[in-house]
Structure formats: structure tokens, C-alpha cells
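Protein chains in written order, with my numbering: chain A, 1 to 116; chain B, 117 to 227. Glycine residues also receive a C-beta, built at the ideal position from the N, C-alpha and C atoms.
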Amino acid sequence: GAVVSQHPSWVICKSGTSVKIECRSLDFQATTMFWYRQFPKQSLMLMATSNEGSKATYEQGVEKDKFLINHASLTLSTLTVTSAHPEDSSFYICSARPSGRDNEQFFGPGTRLTVL
Amino acid sequence: DAKTTQPPSMDCAEGRAANLPCNHSTISGNEYVYWYRQIHSQGPQYIIHGLKNNETNEMASLIITEDRKSSTLILPHATLRDTAVYYCIVRVVSGNTPLVFGKGTRLSVIA
């Protein structure tokens with residue numbers, strides 16, 4: 001149990017285009033989901049926290065108008081990178097917390113974004 | 117900012133126990149200690165967590181000092197598949213509080 005999936009697993013896009021990444025909790029409901037990104041040889045950096053049906057809370061330095069997060073259901077959150085540029089190339093990882101189980105947090109396999 | 121300190125890297129011989137230390141000298145009374153690991157180009161995998169008692173599961177054991185200022189993750193019989201970056205994280209257990217990752221320890225298991 002406690003599986004989190006991400007789609008796509010990798011994507012290559014042209015500079016200036018937008019890319020949507022989906023994160024799903026497959027066998028549990030998640031009131032809270034998190035988005036991280038990871039640059040090569042670095043640790044995971046928290047981008048934002050989202051609660052189902054509410055606006056996401058972004059970490060300092062993360063542009064909310066560039067990284068649009070939607071958490072419209074208890075099993076799906078999406079991250080849209082708008083007007084992507086090469087510096088947005090990174091490994092994006094989502095994470096989900098099962099509703100009512102505050103001591104648990106499960107991670108997706110990640111999405112590799114390359115912006116040309 | 118991460119509230120833990122870990123050695124940047126460690127080696128372990130295959131079949132031996134891997135003992136990964138973590139310092140969290142500023143931990144609060146309501147913060148738990150979590151361990152995750154990340155194999156290259158994958159999402160982090162949960163290993164174990166605890167508050168103050170030692171914990172054991174099928175993957176590892178967690179030893180927390182009595183003053184809770186440090187802990188050790190023990191992989192009893194390391195295999196090559198345990199090669200990964202191991203993250204020690206302290207966190208208050210509440211709905212919105214995220215896991216904040218530090219730099220972790222890169223464990224290399226050597227045949």
C-alpha cells in the first residue's frame with residue numbers, strides 16, 4: 001500500500017512552453033501533498049505545500065505564478081511549470097500524506113524535466 | 117533549514133552492519149526523528165521513525181540517545197542495494213508540517 005505515482009516520469013520541452021506534472025495517491029486519500037525539486041548532486045528542496053481544495057502555500061523564493069499547483073481532489077495534485085526556461089530543468093518529486101495519518105509521508109518516483 | 121547534521125559519506129562492507137549517525141542537538145520535545153533514503157534518480161523511501169524509544173522494523177533499527185540529541189540508524193546486514201543517500205529528519209507530527217531534507221549521508225556498500 002501507500003503508493004504515489006507521478007506522470008510523466010520524464011519530459012523534454014522547449015523554452016517558453018508550459019509543462020504539467022501529475023501526482024496521484026493510488027491507494028489512499030491525501031489531504032496534504034507536497035512538491036519538491038532536486039538539482040543534480042543536491043538535496044530535495046521543498047517548493048510548496050498544498051491542501052485539497054485550498055490554495056498552495058509556497059516556500060520563500062518559489063514563484064507561485066510560475067509554479068502553479070492544483071490539488072482539486074484527495075488523490076490528485078498537479079504542478080504546472082509555466083513558461084519554462086533551462087534553469088527550471090530539475091527533478092520534481094511529489095509527496096503525499098494520508099488523511100488522518102500525520103506521521104506518514106510517501107514520495108512519488110519523480111519527474112525529470114529538461115528544458116531546451 | 118535542516119536541523120540535523122550527518123557525515124557526508126560512509127562506506128560499508130557488504131554483509132556488515134551499517135551504522136549511520138545523526139546529530140539533532142536542538143530537537144524539541146514534540147519532534148520525531150525520521151529516516152528516509154534515496155536511491156539514485158528515485159523518490160525518497162521511508163525507513164523508520166521514532167520519538168524517544170528505540171525502534172526496529174524489517175528494514176532497520178533506530179537507536180535514539182536518552183537525551184534525544186542524536187540517533188543512529190542501523191542496517192543490520194548491508195547489501196549492494198542499500199547504496200543510497202540516507203536522510204535524517206526531525207519533524208513535529210502535525211498535518212501540514214513537511215519533511216525538510218538536509219544533505220544526508222551517501223552510503224556506499226562495497227562488495
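Give the residues of chain B in contact with residue i, contact being defined as C-beta atoms less than 7 angstroms apart.
i, result
"A/D27", "Within 7 angstroms Cβ-Cβ: nothing; A/D27 doesn't reach chain B, min ~15 angstroms."
"A/F34", "P214"
"A/T75", "The premise fails here: A/T75 is roughly 17 angstroms from chain B at the closest Cβ pair, so nothing lies under 7 angstroms."
So the candidates are the options; which of them puts its Cα closest to the Cα of residue i?
i, options, result
"B/R153", "B/E182, B/A176, B/V201 and B/R184", "B/V201"
"A/G110", "A/S15, A/W35 and A/K64", "A/W35"
"A/Q29", "A/Q38, A/Q60 and A/H71", "A/H71"
"B/T221", "B/L191, B/C204, B/P214 and B/T172", "B/C204"
"B/K185", "B/S141, B/I226 and B/N212", "B/S141"
"A/P40", "A/T82, A/L74, A/D88 and A/N103", "A/D88"
"A/A2", "A/G108, A/T80, A/L113 and A/V115", "A/G108"
"A/K64", "A/I21, A/L79, A/S43 and A/E104", "A/L79"
"A/C23", "A/R101, A/T75 and A/N103", "A/T75"
"A/T114", "A/Q6, A/V4, A/K14 and A/S5", "A/K14"
Run down chain A in chain order and give the residues with a C-beta less than 7 angstroms from the C-beta of residue i.
i, result
"B/L215", "Q105"
"B/E158", "Correcting the residue identity first, residue 158 of chain B is Gln in this sequence and not Glu. Near B/Q158 (Cβ distances below 7 angstroms), the residues of chain A are P109 and G110."
Any idea which residues DSSP pairs residue i with across the strands?
i, result
"A/S18", "DSSP lists no partner for A/S18."
"B/N173", "DSSP lists no partner for B/N173."
"A/V4", "A/S25"
"A/S50", "A/M33"
"B/Q161", "B/R153"
"B/P137", "B/T188"
Using a cut-off of 9 angstroms between C-beta atoms, extract the partners of residue i located in chain A.
i, result
"B/G218", "S43"
Do you know offhand how far residue i's Cα is from residue j's?
i, j, result
"B/I163", "B/Y150", "8 angstroms"
"A/N51", "B/E130", "42 angstroms"
"A/S17", "A/V11", "The residue you asked about is not Ser; residue 17 of chain A is Thr in the sequence shown. Roughly 12 angstroms separates the two Cα atoms."
"B/M126", "B/S177", "18 angstroms"
"A/T82", "B/I190", "43 angstroms"
"A/Y58", "B/V208", "19 angstroms"
"A/P86", "A/P8", "18 angstroms"
"B/H193", "B/I226", "12 angstroms"
"A/S43", "B/G218", "6 angstroms"
"B/N173", "B/T188", "14 angstroms"
"A/G61", "B/D183", "35 angstroms"
"A/F91", "A/L46", "12 angstroms"
Quick one: which chain B residues come within Cβ less than 9 angstroms of residue i?
i, result
"A/L46", "P214, L215, V216 and F217"
Using three-state DSSP, classify residue i as helix, strand or coil.
i, result
"A/P98", "strand"
"A/E104", "coil"
"A/R112", "strand"
"B/E147", "strand"
"B/D127", "strand"
"A/P86", "helix"
Listing by chain order, which chain B residues have their CB less than 8 angstroms from the CB of residue i?
i, result
"A/I93", "G159 and P160"
Could you tell me which chain A residues have their CB closer than 8 angstroms to the CB of residue i, listed as they occur along the chain?
i, result
"B/Y148", "N103"
"B/H165", "N103"
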